[in-house]
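In what follows, a structure is listed as structure tokens, so that the remarks can point back to it.
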Amino acid sequence: MLYSRALIPTVKEAPADAANVSHTLLVRGGYIRKVGAGMYDFLPLGLRVLRKIENIVREEMDRSGAQEILMPALLPAEFFKETGRWDLYGETLFRLKDRKGGEFHLGPTHEEIVTDIARREIRSFRDMPMNLYQIQTKFRDEPRPRGGLLRCREFLMKDAYSFDTSEEAAKESFEKMRQTYCRIFDRLGLTYRIVDADPGAIGGSKSAEFQILADSGEDAIVACDTCDYAANIEIATVKEPPLVDDGEAPEDRGKVHTPKVGSIEDVSAFLKKPKEKFLKSLVYVAGTANDPEDKRGIVLAVVRGDHDVNEIRLARALGVSEVFLANDTDVQKATGAAVGFAGPVGFEGKIVVDRAAAAVKNAVTGANETDYHFTGVNRGRDWDGEIADIRLATDGDPCPNCTGKLKTYRGIEGGHIFILGTKYSAAMGATFTDDKQEKHPIVMGCYGIGISRLVATAIEQHHDADGIRWPVSIAPYHVHIVTVGKDEPVLATAKKLYDDLRASNIDVLWDDRDERPGVKFKDADLLGMPFRVTIGAKALANGNVELKPRTEPDPKKAELVPVADIARVLVERVRAAL
RNA sequence: CGGGGCGUAGCGCAGCCUGGUAGCGCACCUGGUUCGGGACCAGGGAGUCGGAGGUUCAAAUCCUCUCGCCCCGACCA
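To convert, note that position 337 of the first sequence is 835 in the numbering used here; the numbers rise steadily by one, no gaps.
Structure below.
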């Protein structure tokens, strides 16, 4: 592509509404433009990256034996109504009506639709295993779109669905997808961790996330420094020492006046006691927003003062689908005190206590009376509760599987794979006949990759102060030729290199604009093509051009390559990196 | 939805408190000098001040409503 004819509207200043690196660089480099919240134009360069990622995903999915299909984005409500998700999905579902008043929605994910294909087309155990996938635009009315391409209301996703005859066979399909995903993320040049995760609203028995490591990531994950244990912090657990009596003599319970100091931090400083001697008591409302038999209840969750509650684990311990931190009014009602002074002593209602908190002796707790705390509180004597694993893992915690320590990382969820079981097939009557003429529901799995999100994710992981540093496999162009000046030999050399590279299937962008060199270099760094070739009169006088990989940090450092060799050298290096 | 903030030229912003002429930088156009890391000089074009209503002789500025956008939380590829 000739730069002078391309739509690459780079800008010097960061857009005011961009909060993260990838968003800023995508806009500054002229890759994308915002149309509305969570909706973006992909300009030519942005689309090239998107297509390259898409093609790698497609190649690896095809290689795994999966078959590509395409389902509609516009869907009649009946399928989601069949499984109950029409109600469960809530506000996130984009709903619309047709001219006759019929109910429709835009697809946020396609389990129901693909299950409908399966129940119509899969009859026999001989038809499986089968894996169907599509690369398609998804629509979710996110409560809060953010981070440019990282979280959109309209986004491109690869979603795959496996169909098997048994849970064991489904595990094999799951494992095959796990390996396929590894190949995909490896080829994309992304550093990731596979972590245990919460299946969430999609449902299912087993799930793993492919977390692309990035400090700006929304997700927190923990990974063991010794074994291969890794989990999303949402469900991560830690090894807790067994509950043994350490021999500390129980003190008498006391009541202290702690005016206006509610937080653990403040009370800890006020009473000059370490946070580990505190019990943090939080009032939760347990239940399910969309549960028809809405069994809501107030629950007190107790963790050690230096720990935090893991809400997903708490919900699991309670056997409900979700828990919500109670609002101030409910806290008042439940404890009779202002927020900050809740405690388990005398609390009327269910109490769940974390394993670590259960071991604390002579603890400080809220007194369920505004401006007062108890000291010398002991479980068993002063209160008791159901012991469960309900705390958030943190840096340095002992690994649950070995003797190693957990380390925390930030990540961006690039892919998520699930074993769904028969949740959708049973609800929708997708069955097959086995070799004994018996009917069973199909066992399903589903596998997602956020294609458009990966464009941004790659930048979060590959950039420097000057701009993007694309991995070769997904760079919009492999080579960026910068011609300095308009001397005839310079232009002729560039033209020949440009033609030679294109003939070798190397994607090449030639900055042939009538701009000063500084402008061209700045744009080249911003755009981030992996190899830059500078052709100028100076080096050319000695028969050389300059070659600089984008990853070379020194802006002035470039390798001199004879004109006769440059095309071959570039072809070799690009191919080696693919 | 809870909390915070912002809408003024294509982009980034000032002006608003204390009402009276819409301004700066970048980008763009013309001419000239420049030309290896975002040049300089001179001239020029470009704005329903997000929208509606109100107060006032007079509103970008004050008041009310409304729409859009961003950030922090709960949700997710």
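For each residue, glycine too, the CB sits at the ideal point set by N, CA and C.
Predicted model, so just to flag it, every value in this text is computed and none were measured.
Query                                                                                                                                                                            : Result
Nearest-angstrom Cα distance between residue 1031 and residue 910?                                                                                                               : 33 Å
So, for residue 874: in the same chain, excluding its five sequence neighbours on each side, which residues have a beta-carbon less than 6 Å away from its beta-carbon?          : 749, 750, 751, 752 and 860
Are residue 584 and residue 592 close, meaning C-beta to C-beta below 7 Å?                                                                                                       : no
Since residue 807 contacts residue 796 with CB under 8 Å, what's their CB separation in whole angstroms?                                                                         : With a Cβ gap of about 15 Å, residue 807 and residue 796 do not count as contacting.
Could you give the uninterrupted runs of the beta strand (DSSP E) lying entirely in the segment 782–831, keeping only those of 3 residues or more?                               : 795–802 and 820–823
Which of the three DSSP states is assigned to residue 881 in this structure?                                                                                                     : strand
Considering only residues of the same chain and omitting the five flanking positions on each side of residue 589, which have a CB-CB separation below 8 Å?                       : 639 and 641
Are the segment 724–731 and the segment 650–670 touching by the rule of at least three beta carbon pairs closer than 8 Å?                                                        : no
Would residue 1078 and residue 714 qualify as a contact pair, given that the criterion is a beta-carbon distance under 7 Å?                                                      : Here the chain comprises residues numbered 499 to 1076, so residue 1078 is not present and cannot be evaluated.
Evaluate residue 559 with the Cβ neighbour count: other Cβ atoms within 10 Å of its Cβ, from every protein chain shown; 16 or more gives buried, anything less gives exposed.    : buried
Please specify which runs of the beta strand (DSSP E), each continuous and at least 3 residues long, are wholly inside the segment 740–787, giving them in chain order.          : 752–755 and 777–785
Under the three-state reduction of DSSP, which class applies to residue 994: helix, strand or coil?                                                                              : helix
Should residue 695 go down as buried or exposed, given a rule of 16 or more other Cβ atoms within 10 Å for buried?                                                               : buried
Less than 7 Å between the C-beta atoms of residue 690 and residue 708, yes or no?                                                                                                : yes
Determine which residues share a DSSP beta bridge with residue 984 and list them.                                                                                                : According to DSSP, residue 984 bridges with nothing at all.
Once DSSP output is grouped into helix, strand and coil, what is the label at residue 961?                                                                                       : strand
Between which two residues does the beta strand (DSSP E) holding residue 1007 run?                                                                                               : 1006–1009
Tell me whether residue 791 is buried or exposed, calling it buried when 16 or more other Cβ atoms sit within 10 Å of its Cβ.                                                    : Low confidence applies here, because residue 791 scores a pLDDT of 48, under 50, leaving its location unreliable; read the following figure in that light. Counting Cβ neighbours within 10 Å, residue 791 comes out exposed, since fewer than 16 surround it.
Look at the Cβ atom of residue 631, then the Cβ atom of residue 706, and state whether they are nearer than 7 Å.                                                                 : no
Drop a sphere of 10 angstroms on the beta-carbon of residue 921, count the other beta-carbons inside from all chains shown, and report buried for 16 or more, exposed for fewer. : buried
How is the beta strand (DSSP E) around residue 942 delimited, first residue to last?                                                                                             : 941–948
Can you tell me whether DSSP reads residue 585 as helix, strand or coil?                                                                                                         : helix
When the Cα atoms are used, what is the spatial distance from residue 1070 to residue 1008?                                                                                      : 19 Å
Check whether the Cβ atoms of residue 838 and residue 866 lie closer than 7 Å to each other.                                                                                     : no
Taking all protein chains shown into account, decide if residue 877 is buried (16 or more other Cβ within 10 angstroms of its Cβ) or exposed.                                    : buried
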